[in-house]
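**Q** Take any residue in the sequence shown, count from 1 to its spot, add 973: that is its number in this note's numbering.
Don't be surprised by glycine CBs; every beta carbon is placed ideally from N, CA and C.
Note that the structure is a prediction, hence the values are computed from the model and not measured.
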Amino acid sequence: MKTFLIIFVFFVFVNATAQNVGIGVPVPAEKLDVNGNINVSGTIKANGTTGQNGQVLMTGSSGNLVWADLSDYKNFITFSSVGSGTWTVPAGVTKIYAEVWAGGGGGSGTGGGGGGGYTAGIITVIPGSSVSYSIGAGGAPGSPNASDGGNSAVFNSTSTLLANGGAGNTYTTFGSAALGGGYSAFNGTSTIGQNGESGGSNRFDYHQSNATTFLESQTGGKGGDGGNSPNSGGKGTYQIRNASTFATIYALFGSPGRIPGGGGGGNITWGGTIQGGAQGLVIIHY
């Protein structure tokens, strides 16, 4: 008789465990189907894993629940000194998102310098390894020729992100633009980017003040904005002078490019202050 009871209880147990269980649900559709609120005093595990501080439950690629971060890149570090350096990848970090701006070109007496290029992308890294970076200087102003902005880059043993410096304005670009810098990536890095804006050329205008007085004005070309860096290009100098005596009547001075990557504002050909381009910048998100 005892043997029969044991077999019977085992059969009922197996049969019950094979069925769906409902709480407030007459016909449950899942292994556990609850109609109402659930209060948990302990923790919740997703496929045997307890979530870490700041993580949320999400559906993974397999369709199962997993604990994950809302963002892959919760931290960032900024490098703003011209030159080269290295950064050590922290523990637990296997990829970074880097943003790179090159230096802007210098302005001259014939127009503004080109803005530095911008690139950004994902690089696979190894915790404890080094990531190298370089930050380009802004182009020096010059008359008649300004210098180009320096290139900037972020790279490791497998991938490179490169942003090219904007062109300095030269006498040969009078009447045409000093080109903005471009961008590129090597070894399969996932990348986006934006070219720097070209620098503007100087503009001349002539006016009549009265029957005997004539004026001439000149506006220095605007420096090009750095890629993904709105309003970073320097303003050009503006002056009005008497066309006969060359006496200055009104003047607004230009400005250098602004970080990151703005081109220097153009100066006027008959005087004023020449403006340089702004340096680049690197930001690593991890």
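1. If you follow the beta strand (DSSP E) that Lys1047 is in, where does it begin and where does it stop?
2. Taking 8 Å as the threshold (C-beta atoms), are Gly1172 and Gly1262 in contact?
3. Give the DSSP bridge partners of Gln1167, in chain order.
4. I'd like the list of long-range same chain contacts for Ala1140, defined as Cβ closer than 6 Å, with 5 residues on each side in sequence excluded.
5. For the beta strand (DSSP E) that Trp1060 lies in, which residues bound it at each end?
6. For Tyr1156, name the three-state secondary structure that DSSP assigns.
7. Kindly indicate which three-state DSSP category Tyr1144 falls into: helix, strand or coil?
8. Go to Asn1215, then tell me how far its beta strand (DSSP E) extends in each direction, as first and last residue.
9. Going by DSSP in three states, Thr1246 sits in which element: helix, strand or coil?
10. Relative to the C-alpha of Asn1168, which candidate in Tyr1223, Leu1030 and Val1073 has its C-alpha closest?
11. Please list the terminal residues of the continuous beta strand (DSSP E) segment that includes Asp1198.
12. Which residue marks the beginning of the beta strand (DSSP E) containing Ile1241, and which one marks its end?
13. What distance in whole Å lies between the Cβ atoms of Pro1233 and Gly1253, which are believed to be in contact at a cut-off of 8 Å?
14. For Gly1207, tell me which candidate among Gly1227, Asn1118 and Pro1100 has the shortest Cα-Cα distance.
15. Could you check what DSSP says for Tyr1070 in three-state terms: helix, strand or coil?
16. I believe Thr1192 touches Gly1166 by the beta-carbon criterion, under 8 Å. Please report the beta-carbon distance rounded to the nearest angstrom.
17. Are at least three pairs of beta-carbons, each pair with one atom in the segment 1097 to 1107 and one in the segment 1197 to 1204, less than 8 Å apart?
18. Would you mind working out which of Thr1131, Gly1138 and Ala1113 sits nearest Gly1123, comparing C-alpha positions?
19. For Tyr1223, which residues does DSSP report across the bridge?
20. What whole-angstrom Cβ distance do Ala1119 and Thr1143 have, given they're in contact under 8 Å?
21. DSSP three-state call for Ser1125: helix, strand or coil?
22. Check Tyr1259 in the structure and name its three-state DSSP category.
23. Can you name the start and end residues of the beta strand (DSSP E) that Ala1184 belongs to?
**A** This is what the structure gives:
1. Neither: Lys1047 is in no beta strand (DSSP E) and is coded neither H nor E.
2. Past the edges of the chain, shown from 974 to 1259, lies residue 1262, and the structure says nothing about it.
3. Tyr1091
4. Gly1078, Gly1087, Asp1121, Ala1151 and Leu1152
5. Gly1056 to Thr1061
6. strand
7. helix
8. From DSSP, the beta strand (DSSP E) with Asn1215 extends over Tyr1211 to Asn1215.
9. coil
10. Nearest C-alpha to Asn1168: Val1073.
11. Where Asp1198 is concerned, there is no enclosing beta strand (DSSP E), given that its DSSP letter is neither H nor E.
12. No beta strand (DSSP E) contains Ile1241, which DSSP labels as neither H nor E.
13. That belief holds up - the Cβ atoms of Gly1253 and Pro1233 are roughly 6 Å apart, short of 8 Å.
14. Gly1227
15. strand
16. That pair is no contact at about 31 Å.
17. no
18. Gly1138
19. Ile1213
20. Going by Cβ atoms, the distance from Ala1119 to Thr1143 rounds to 7 Å, so yes, they are a contact pair.
21. Ser1125 falls in the strand class under three-state DSSP.
22. coil
23. From DSSP, Ala1184 is part of no beta strand (DSSP E); its letter is neither H nor E.
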